[in-house]
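In my numbering, the protein residues as written are 734 to 982.
Remarks on the structure that follows.
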């Protein structure tokens, strides 16, 4: 069986790279971590990989706005190459800060290329850290299973999905939505996102940006309500990574 190669981008302030690399390896992929500056020096390196991953954290301290500086570096230096990467049937995953980067680099939109969206400050104006229930309503995204409910943690201050023009918003691009689940997880939409959006895909279904952290639930023992590892089936986070690996088999 083919073992896909994953390139995981690091940058100052990124702090979820090690566990994300571990998640890819558990799912059966080969994963290399590289500082974004090295990639910008040798952009052809990207051609060696089937999956690009932007992990969570606070890239460049989230100066200006979350993910903006890293997004600008990638868009201005490698924007067309990243779009070609997707056109060649490869995959892109952006988690939390990585999702913010994909949106602000223009690789994910709310519809047409001119339908702007962003990830703004949470409705309550503060950092939110909790487990959330999510639902996949689309058959388009290769990372997700339509109709499946996922249970994953969020940890961010700027995760409220917002669109500039609600009438131009394409609901079919909503890859994950917050939904009512276990009562102990709190409100169904913990950040006030438009249309309850927690994750977004593109028209190809090969790009996924999501605010929850799948890399933090790749082992049954990580479930917050588990009393024993046998109580939990396949962890929902690991399922997302495995689905991407299966694309290459």
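In this text, a Cβ means the ideal position worked out from N, Cα and C, and glycines have one as well.
Residue i to residue j span [Cα, whole Å]
i            : j           : result
residue 769  : residue 743 : 6 Å
residue 922  : residue 899 : 18 Å
residue 871  : residue 879 : 5 Å
residue 773  : residue 750 : 18 Å
residue 844  : residue 824 : 19 Å
residue 795  : residue 789 : 11 Å
residue 980  : residue 862 : 31 Å
residue 771  : residue 839 : 22 Å
residue 965  : residue 828 : 23 Å
residue 763  : residue 826 : 15 Å
residue 801  : residue 856 : 20 Å
residue 797  : residue 942 : 20 Å
residue 953  : residue 959 : 7 Å
residue 753  : residue 901 : 34 Å
residue 1021 : residue 767 : Outside the shown range of the chain (734 to 982) lies residue 1021, about which nothing can therefore be said.
residue 967  : residue 791 : 29 Å
residue 755  : residue 765 : 10 Å
residue 912  : residue 924 : 12 Å
Among the options, nearest to residue i - alpha-carbon criterion
i           : options               : result
residue 836 : 931, 738 and 965      : 931
residue 738 : 752, 785 and 771      : 785
residue 889 : 900, 896, 902 and 864 : 864
residue 945 : 903, 886, 735 and 967 : 886
residue 781 : 800, 818 and 798      : 818
residue 950 : 748, 766 and 757      : 757
residue 904 : 848, 854 and 954      : 848
residue 882 : 808, 814 and 909      : 909
residue 815 : 875, 955 and 740      : 740
residue 936 : 805, 753 and 822      : 822
residue 929 : 869, 858 and 805      : 869
Reduced DSSP category for residue i - H, G, I as helix; E, B as strand; rest coil
i           : result
residue 952 : coil
residue 827 : strand
residue 753 : helix
residue 843 : coil
residue 866 : strand
residue 886 : strand
residue 937 : coil
residue 765 : strand
residue 834 : helix
residue 854 : coil
residue 912 : coil
residue 875 : coil
For residue j and residue i, believed in contact at Cβ under 8 Å, the rounded distance
i           : j           : result
residue 841 : residue 940 : 6 Å
residue 969 : residue 832 : In fact, because the Cβ distance is near 17 Å, the residues do not count as touching under 8 Å.
residue 867 : residue 892 : Actually they are not in contact, since the Cβ atoms of residue 867 and residue 892 sit about 13 Å apart, beyond 8 Å.
residue 834 : residue 803 : 5 Å
Contact check, residue i vs residue j, beta carbons under 9 Å
i           : j           : result
residue 873 : residue 934 : yes
residue 787 : residue 971 : no
residue 895 : residue 860 : no
residue 746 : residue 830 : yes
residue 973 : residue 957 : no
residue 976 : residue 906 : no
residue 776 : residue 811 : yes
residue 982 : residue 799 : no
residue 808 : residue 850 : no
Proximity test, residue i beta-carbon vs the ligand ATP heavy atom, cut-off 8 Å
i           : result
residue 960 : This structure lacks the ligand ATP; in fact it carries no ligand of any kind.
Cutoff 9 Å: residue i Cβ touching any chain C Cβ
i           : result
residue 804 : In summary, chain C is missing from the structure at hand, where a single protein chain is found.
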